[in-house]
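Enquirer: Per this note's numbering, the sequence shown starts with residue 1083, numbered consecutively. Don't be surprised by glycine CBs; every beta carbon is placed ideally from N, CA and C.
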Amino acid sequence: MQPKIMMKKKSVSASKASLVLFLCQMISALDVPLDSKLLEELSQPPTITQQSPKDYIVDPRENIVIQCEAKGKPPPSFSWTRNGTHFDIDKDAQVTMKPNSGTLVINIMNGGKAEAYEGVYQCTARNERGAAISNNIVIRPSRSPLWTKERLEPNHVREGDSLVLHCRPPVGLPPPIIFWMDNAFQRLPQSERVSQGLNGDLYFSNVQPEDTREDYICYARFNHTQTIQQKQPISVKVFSMDSLNDTIAANLSDTDIYGAKPVTERQPVLLTPTGSTSTKVELRGNVLLLECIAAGLPTPVIRWIKEGGELPANRTFFENFKKTLKIIDVSEADSGNYKCIARNILGSAHHVISVTVKAAPYWITAPRNLVLSPGEDGTLICRANGNPKPNISWLANGVPIAIAPEDPSRKVDGDTIIFSHVQERSSAVYQCNASNEYGYLLANAFVNVLAEPPRILTTTNKLYQVIADSPALLDCAYFGSPKPEIEWFKGVKGSILRGNEYIFHDNGTLEIPVAQKDSTGTYTCVARNELGKIQNEVHLEVKDPTMIIKQPEYKVIQRYGQVSFECIIKHDSTLLPTVIWLKDNDALPDDERFLVGKDNLTIMNVTDKDDGTYTCIVNTTLDSVSASAVLTVVARPNPPFDLELTGQLERSVELSWIPGDENNSPITNFVIEYEDGLHEPGVWHYQTEVPGTQTTVQLKLSPYVNYSFRVIAVNEIGRSQPSEPSEQYLTKSANPDENPSNVQGIGSEPDNLVITWESLKGFQSNGPGLQYKVSWRQKDVDDEWTSVIVANVSKYIVSGTPTFVPYEIKVQALNDLGYAPEPSEVIGHSGEDLPMVAPGNVQVHVINSTLAKVHWDPVPLKTVRGHLQGYKVYYWKVQSLSRRSRRHVEKKILTFRGNKTFGMLPGLEPYSSYKLNVRVVNGKGEGPASPDKVFKTPEGVPSSPSFLKITNPTLDSLTLEWGSPTHPNGILISYILKFQPINNTHELGPLVEIRIPANESSMILKNLNYSTRYKFYFNAQTSVGSGSQITEEAVTIMDEGYSETLFATSPVMHTVRPTFYKVQPLYPRIRNVTTAAAETYANISWEYEGPDHANFYVEYGVAGSKEDWKKEIVNGSRSFFVLKGLTPGTAYKVRVGAEGLFGFRSSEDVFETGPAMASRQVDIATQGWFIGLMCAVALLILILLIVCFIRRNKGGKYPVKEKEDAHADPEIQPMKEDDGTFGEYSDAEDHKPLKKGSRTPSDRTVKKEDSDDSLVDYGEGVNGQFNEDGSFIGQYSGKKEKEPAEGNESSEAPSPVNAMNSFV
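Printed below as a string of structure tokens:
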């Protein structure tokens, strides 16, 4: 039966914000804005905000709370009806109403009974503007009755039969949840054969012996009361056919006919539902559950179909082993016939369920509240649907509209109420009721007629900030009745805003679609209606947009590498941005490897998990920008797996595998390796490789090999680990397929032939018993082959052969199954012997003082008795023609490959007597030497004088002493002395030249200027030309009382003060690096010339090593350093450098640490006395440097070497020998620099290092070699003299102490 008055539950928040009135906008209806202050001031009819459900089942043990909350202005009062009549709560002490609320509380816990309060309740909320009503709320206490006692007989069932155990739970409110358990409270297992139906019964499609038990218990759980009731246990006894036959046999005589039938299979029969058809009615929106459970043996399988259609996708589910069809959220379209089919191997059974979907009423258009101004029109619309179609009825303030007070502005037209020219007395609450046999809907909607002057609800002087080029929305929330008109102005006295650049919204908002910088300013909103006018000002600021000017970029990084993403931003200076980094749209992992900087994100030690998309998000209070980049982490691929061998044949097999993860770098190819477990277990060999898209390969196999295979994946990053080995596959034996390779025949003695070959590898043998058949015969001689079979070796020696004759040789492999194919023949030779004759007609042609050409006639090839390798020329210096002194004879050797008949002899010493002989060479050795041939070299230019000493300085003279050249290279004819003065401003005077007889060794230079520095250039001459010069400087004294030994010069007259030329200052340098090495340390000392305050460092390393130099910084300006931590017995290289403007280094020095000692050595550098001594020495050097500086400031100074190099007279620079021959063969001693430089030792002597007689290093090894045309390409066996670093002059300058002695 349809209730008289029904209401719909409406859930709305109880906060002030929930007081928003969303009013119908039909016709010219008003919208009431969201403003709590306004809502408190406006009158409003009641609105139900919260109520209990229509069907309210309560716990009979707890108090009953029936909710009814409402809002309105003024606040509404509440009343209740029970079963259609007024419910006077004041007369029932158990019932109370909450303050300022309509919610009822029925006190059950203090003596009340819930059953006494069953019924239909309805709440009414009323104020001066109308009355709203709630739904009909049906109150029913929950019930959980006990199970009725019944006697349950045991169930005796034959194996294979079906069985249904009925539960039949007590009827409760709400219905209980059913489940089956045993005595141990364990759920009984269910399957396609045994399952629980929707009615709670337990169905057995067929019973089995294991179903026998006495504790089948059905439980009913009542959720509202939180109680569980249990049925008495049910016993099931299953008899098998064997046991049944035994029982019958025991009770019958032999003459009786007995015997039970065996278990027979049966086609399906439906246990539920019964019959062939049934019907089902379900309501729209509910869950449709259809069930079919069948008996049969074997257990039937259930299938569902919809006749004439498909089961709805995404809403269809199968439960209970497909015995239950579940369709959620059903609609009228789901009506139809559903067929379940039960099938086993013997047949099938089916049942058709006709489903009809009905519908309780549901809203199409629910009525909405109306707020109208006096004189306005409006409508309330109430439209609903259902099956069957619902009836629509209206109520006004809870009273059927037919008996409600008349209202001339109201007209009811079916599901619509039309209002015309309303007045304030027209305010009321209307209820729409839509009902059919399956339920009802009730909705409240009020009509509120208001007359209000304009109000602006937006805050005064509100500030809006927007980003340039984006929309700006300036609010002017307003209210008034009648509805006010809105106008906008810019500035205090601006004109009204119009035009396409503005959009005026109905709610009063002004929209500037594209705000620009010039849009900044003050805007005024004016609202007016017939009851008044009001205005409000707001302010707009337009900001520069936030931009990411450098976005993160796509990165590919190898595993365990480091990667960085940049995110550089530009923003408005008045906005404070925040930067957030995300990974795959989620927060960054909490990992210390992720380092977030100001403008970047750095990930250290990258792993595979770091792969993904990284996003930089920049937020301000006004805008947000983001940029993303993908990080791809690549690595070597994972190894392949699941290797499988198929198609095994004698000579092939197919290998397949599954690739491992490629780790973001495509696999380019797979490498297949094999192991021969028979011949080389544990050793893997390359077999083949295939492209990365291929996962199978046909492999060629060799006989008699026990194969295992493995696969290695390769990508651009590298190779994977090998896969696990495949299964082993042993191939059958066969004849060898190939013969040994690299067969050779070379005699080791003159009367034998050694035949060698490369043995076959294990897998090449193709079978057991590998041997070799070795065959040979002399070439070009009509002989038969001689053969021998040898074991698995790689050499055989044939004895008694003639010397060096050719042989034809072949080696054939064989095993227990037979021979390999016929081998090819090779040519070898028996052993060589020493050559028999020497080359004849040896001739020597001297080209210049350092080069000669030798010729000879080739020896007959038959006398070589072997492979001709070439000729060797032995030559040596007999004596120097200039000194007639003999010295140790050191023979040089030059080798000329092939059948050469001439060669060049470079690097000879000028003006010397030489001997040579020639020998032929074969593989055995050298033949006899040709007779010695004597030849002489012409004169050359001499080396520099061995020393130059300048002594006995006076006011106007200097004494010069010198030594003759170490290598005169001819007959000396004279010495040439050149000198020139140098003044205090570093200028050079005119150059004077003096020729001195060759027999002189000293001279006195007179008539020099007093207190003047002179520079001297001195060299010797032969008839060929001038040799290298030696230079020195000296100063005449200032007065007779000064007697200091100085450097000297030669007699010359100076009557006029010479003209001087500017000289560049001396370049700084480090020289005289010396080392004193111990077992694990070395003292390094040096001399420095140059500007003060240089920062020194020492570099060292193992001699001959290519490793980088190790660097040690020297503290202060010390000229010594101790290298510690050295390895005993090791050769080291060392050099000293200075940092700063010049950045120069000394030349390298080499020293060797002492051998490791058994006893512990004391490091002198750590001893206190040594440190003190070094400090004292440093202090003394510092004092000397200060004195030097003072002296130089008094008497003038100049850096010697730089002035020499910068202004040396080109006429006296050393000349290279120019004899029209090969310049590179000239004597290297002519250009060898002085070891001690321009600084002289204590005896004022400049000495020239002696050089050895060796030539520049030519030849191969210790021997030399020429090209086919006779030009030189080899090296001599002697030591190669070093080329000068800077011409022929010294590259060093005086030390500070000597520099002080060099000036007046």
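Can you tell me which of the three DSSP states residue 1423 falls into?
Expert: Here the question's residue 1423 lines up with position 341 in the sequence shown. Note: residue 1423 maps to strand in three-state DSSP.
Enquirer: Residue 2191: which of 2200, 2179, 2201 sits nearest, CA to CA?
Expert: By one-based count along the sequence shown, residue 2191 stands at place 1109. It is 2179.
Enquirer: When burial is assigned at 16 or more other CB atoms within 10 Å of the CB, is residue 1900 buried or exposed?
Expert: One-based indexing of the sequence shown puts residue 1900 at position 818. Label assigned to residue 1900: exposed.
Enquirer: Excluding sequence positions up to five away, which residues of its chain have a Cβ less than 6 angstroms from the Cβ of residue 1361?
Expert: For the purposes of this step, residue 1361 is identified with residue 279 of the sequence shown, where counting begins at 1. Excluding residues within five positions, the ones whose Cβ falls inside 6 angstroms are 1436.
Enquirer: Can you tell me whether residue 1585 is buried or exposed, with buried defined as 16 or more other CB within 10 angstroms of its CB?
Expert: Indexing the sequence shown from 1 puts residue 1585 at position 503. Exposed, because fewer than 16 other Cβ atoms sit within 10 Å of the Cβ of residue 1585.
Enquirer: Rounded to whole angstroms, what is the Cα-Cα separation between residue 1265 and residue 1310?
Expert: Within the sequence shown, the letter at position 183 stands for residue 1265. Within the sequence shown, the letter at position 228 stands for residue 1310. Near 14 angstroms, if we compare the C-alpha coordinates of residue 1310 and residue 1265.
Enquirer: Can you give the Cα-Cα distance for residue 1720 and residue 1744, rounded to whole angstroms?
Expert: Numbered from its first residue, the sequence shown carries residue 1720 at position 638. Numbered from its first residue, the sequence shown carries residue 1744 at position 662. Those two C-alpha atoms are separated by around 6 angstroms.
Enquirer: So does the region 1527-1539 actually touch the region 1557-1575, counting three or more Cβ pairs closer than 8 angstroms?
Expert: At 8 angstroms Cβ cutoff, the stretches touch.
Enquirer: Am I right that residue 2045 and residue 2028 are in contact with their C-beta atoms under 8 angstroms? What's the rounded C-beta distance?
Expert: Walking along the sequence shown from the start, residue 2045 turns up at place 963. Walking along the sequence shown from the start, residue 2028 turns up at place 946. Indeed, because the Cβ distance is near 4 angstroms, the residues count as touching under 8 angstroms.
Enquirer: How big is the Cα-Cα spacing for residue 1638 and residue 1273?
Expert: Taking the sequence shown and counting its residues from 1, the one referred to as residue 1638 is at position 556. Taking the sequence shown and counting its residues from 1, the one referred to as residue 1273 is at position 191. Rounded to the nearest angstrom, the two C-alpha atoms are 53 angstroms apart.
Enquirer: What separation, rounded to the nearest whole angstrom, lies between the Cα atoms of residue 1940 and residue 1956?
Expert: Here residue 1940 is taken as the residue at index 858 of the sequence shown, counted from 1. Here residue 1956 is taken as the residue at index 874 of the sequence shown, counted from 1. Roughly 16 angstroms separates the two Cα atoms.
Enquirer: Three or more beta-carbon pairs under 8 angstroms between the region 1143-1161 and the region 1178-1190, yes or no?
Expert: Cβ pair count under 8 angstroms is three or more, so yes.
Enquirer: What residues in its chain sit with their C-beta under 7 angstroms from that of residue 1771, if we drop five residues either side in the sequence?
Expert: Counted from its first residue, the sequence shown places residue 1771 at position 689. Cβ within range, chain order: 1751, 1752, 1753, 1754.
Enquirer: Could you have a look at residue 2256 and say whether DSSP puts it in helix, strand or coil?
Expert: Start at 1 with the first residue of the sequence shown, and residue 2256 comes out as number 1174. Looking at residue 2256 - three-state DSSP - the assignment turns out to be helix.
Enquirer: Could you give the DSSP three-state label for residue 1799: helix, strand or coil?
Expert: In the sequence shown, residue 1799 corresponds to position 717, counting from 1. Here residue 1799 sits in coil by DSSP.
Enquirer: Using alpha carbons as the reference points, say which of 1898, 1875, 1907 lies closest to residue 1889.
Expert: Indexing the sequence shown from 1 puts residue 1889 at position 807. Taking only the C-alpha atoms, the option nearest residue 1889 is 1907.
Enquirer: For residue 1220, does the three-state DSSP call read helix, strand or coil?
Expert: One-based indexing of the sequence shown puts residue 1220 at position 138. If DSSP states are grouped into helix, strand and coil, residue 1220 belongs with the strands.
Enquirer: Put residue 2158 into one of helix, strand or coil per three-state DSSP.
Expert: Indexing the sequence shown from 1 puts residue 2158 at position 1076. In this structure, residue 2158 counts as strand in the three-state DSSP scheme.
Enquirer: Give a yes or no on whether the C-beta atoms belonging to residue 1249 and residue 1283 are separated by under 8 angstroms.
Expert: If you number the sequence shown from 1, residue 1249 lands on position 167. If you number the sequence shown from 1, residue 1283 lands on position 201. Yes.
Enquirer: Please return the same chain residues whose Cβ sits closer than 7 angstroms to the Cβ of residue 1339, not counting the five positions on each side in sequence.
Expert: As a first step, residue 1339 is located in the sequence shown; it is residue number 257 there, counting from the start. With a pLDDT of only 38 at residue 1339, under 50, the local geometry of the prediction cannot be trusted, and no value is derived from it.
Enquirer: Give me, in chain order, the residues of the same chain whose beta-carbon lies closer than 6 angstroms to that of residue 1707; leave out the 5 immediate sequence neighbours on both sides.
Expert: For the purposes of this step, residue 1707 is taken as residue 625 along the sequence shown, with counting starting at 1. If we look at residue 1707 and ignore the five residues flanking it on each side, its Cβ neighbours are 1628, 1630, 1700.
Enquirer: Should residue 2299 be labelled buried (16 or more other beta-carbon atoms within 10 Å of its own) or exposed?
Expert: The residue labelled residue 2299 in the question sits at position 1217 within the sequence shown. Residue placement at residue 2299 cannot be trusted, given a pLDDT of 36 that sits under 50; what the coordinates show is reported in the next sentence. Residue 2299 comes out buried.
Enquirer: Check the Cβ-Cβ distances between residue 1279 and every residue of chain C, and say whether any is below 8 angstroms.
Expert: No chain C is part of this structure, which consists of one protein chain only.
Enquirer: What are the start and end residues of the beta strand (DSSP E) that includes residue 1590?
Expert: Mapped onto the sequence shown, residue 1590 falls at position 508. From DSSP, residue 1590 is part of no beta strand (DSSP E); its letter is neither H nor E.
Enquirer: Tell me the start and end of each unbroken beta strand (DSSP E) in the region 1220-1277 that is at least 3 residues and wholly inside, in chain order.
Expert: Listed in chain order, they are 1237-1240, 1245-1247, 1259-1263.
Enquirer: State the beta-bridge partners of residue 1938 as determined by DSSP.
Expert: Residue mapping note: residue 1938 aligns to position 856 of the sequence shown, counting from 1. Looking at the DSSP assignment, residue 1938 forms no beta bridge with any residue, so it has no partner.
Enquirer: Per DSSP, which residues does residue 1057 bridge with? Please list them.
Expert: The structure shown does not extend to residue 1057, since the chain is modelled only from 1083 through 2386, so no value can be given for it.
Enquirer: Give the secondary structure of residue 1198 by DSSP, where H, G and I count as helix, E and B as strand, and everything else as coil.
Expert: Taking the sequence shown and counting its residues from 1, one reaches residue 1198 at position 116. Three-state result, residue 1198: helix.
Enquirer: Assign residue 1154 to one of three DSSP states: helix, strand, or coil.
Expert: Stepping through the sequence shown from its first residue, residue 1154 is reached at position 72. Strand.
Enquirer: Contact between the region 1933-1951 and the region 2031-2051 is defined here as three or more beta-carbon pairs at a separation below 8 angstroms; is this criterion met?
Expert: No, the region 1933-1951 does not touch the region 2031-2051.
Enquirer: If residue 1837 sits next to residue 1789, beta carbons under 8 angstroms apart, how far is it from one beta carbon to the other, in whole angstroms?
Expert: The residue labelled residue 1837 in the question sits at position 755 within the sequence shown. The residue labelled residue 1789 in the question sits at position 707 within the sequence shown. Rounded, the Cβ-Cβ distance is 33 angstroms, inconsistent with contact.
Enquirer: Assuming residue 1307 contacts residue 1224 (C-beta within less than 8 angstroms), just tell me the rounded distance between them.
Expert: In the sequence shown, residue 1307 corresponds to position 225, counting from 1. In the sequence shown, residue 1224 corresponds to position 142, counting from 1. Confirmed, Cβ separation roughly 6 angstroms.
Enquirer: Please return the same chain residues whose Cβ sits closer than 6 angstroms to the Cβ of residue 1322, not counting the five positions on each side in sequence.
Expert: By one-based count along the sequence shown, residue 1322 stands at place 240. The answer, listed in chain order, is 1241, 1291.
Enquirer: My output table needs one value for residue 1845: the three-state DSSP class, helix, strand or coil.
Expert: Here residue 1845 corresponds to residue number 763 of the sequence shown, with the count starting at 1. The answer is helix: DSSP assigns residue 1845 an H, G or I state.
Enquirer: I'd like the span of the beta strand (DSSP E) that includes residue 1169, first residue to last.
Expert: Here residue 1169 is taken as the residue at index 87 of the sequence shown, counted from 1. Looking at the DSSP string, residue 1169 is not in any beta strand (DSSP E), and its letter there is neither H nor E.
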